[in-house]
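Enquirer:
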Amino acid sequence: MEIQELIQQNTEEQVAVFGVLADPTRLRLVKLLCHQRQPDALCVTALAGLLGITQSAISQHIRILKSIGLVKGERRGYHIHYFVNREALERCQNLASAALIIEEPGKKEPCEKYCPIRREHNVSYK
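The sequence shown begins at 1 in this note's numbering and counts up by one.
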């Protein structure tokens with residue numbers, strides 16, 4: 001696989017995941033919800049109390065987490081109780097791992113091919 005293809009693979013999805021989880025409150029919210037199971041899911045009121053922020057702020061963060069499928073909700077009476085979508089969480093973990101993987105270096109061609117200084121002066125770094 002070409003290096004450009006490797007870099008582009010899943011990039012948009014990875015950007016979405018990293019962007020959503022870059023907010024400290026959303027990350028805390030996900031960490032909290034990871035400890036919940038569907039029967040013990042938490043409503044906005046409980047989440048707001050646990051995290052010490054307003055219900056309105058929780059609702060906005062939940063909306064963003066739901067936009068990438070990371071959080072699901074279930075109506076129970078007047079309230080919606082939230083929990084992490086385990087399949088989406090696994091997908092996010094895989095995307096993050098793929099973005100941050102350390103692989104053995106391949107050929108030296110990319111630098112030699114794209115670096116004007118190395119091309120012009122035929123410089124080899126060892």
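We put the beta carbon where it would ideally sit given N, CA and C, even for glycine.
1. Between which two residues does the alpha helix (DSSP H) holding G19 run?
2. Strictly by DSSP, which residues pair up with C43?
3. Per DSSP, V71 forms a beta bridge with which residues?
4. Could you tell me the alpha carbon to alpha carbon distance between T45 and R76, rounded to whole angstroms?
5. Indicate whether A134 and I68 have their beta-carbon atoms separated by less than 8 angstroms.
6. Could you tell me the alpha carbon to alpha carbon distance between Q14 and L89, rounded to whole angstroms?
7. Under the assumption that L42 contacts H81 (Cβ atoms under 8 angstroms), give the Cβ distance between them as a whole number of angstroms.
8. How close, in whole Å, do the beta carbons of I53 and T25 come, if the pair is a contact with beta carbons under 8 angstroms?
9. Rounded to a whole number of angstroms, what is the C-alpha to C-alpha distance between E74 and F83?
10. Applying the criterion that 16 or more other CB atoms from any shown protein chain within 10 Å of the CB defines a buried residue, is H61 buried or exposed?
Expert: For this structure:
1. 11-21
2. H81
3. V84
4. 13 angstroms
5. What the structure shows of the chain is the stretch from 1 to 126, and residue 134 is not part of that stretch, so it cannot be assessed.
6. 13 angstroms
7. 6 angstroms
8. 6 angstroms
9. 8 angstroms
10. buried
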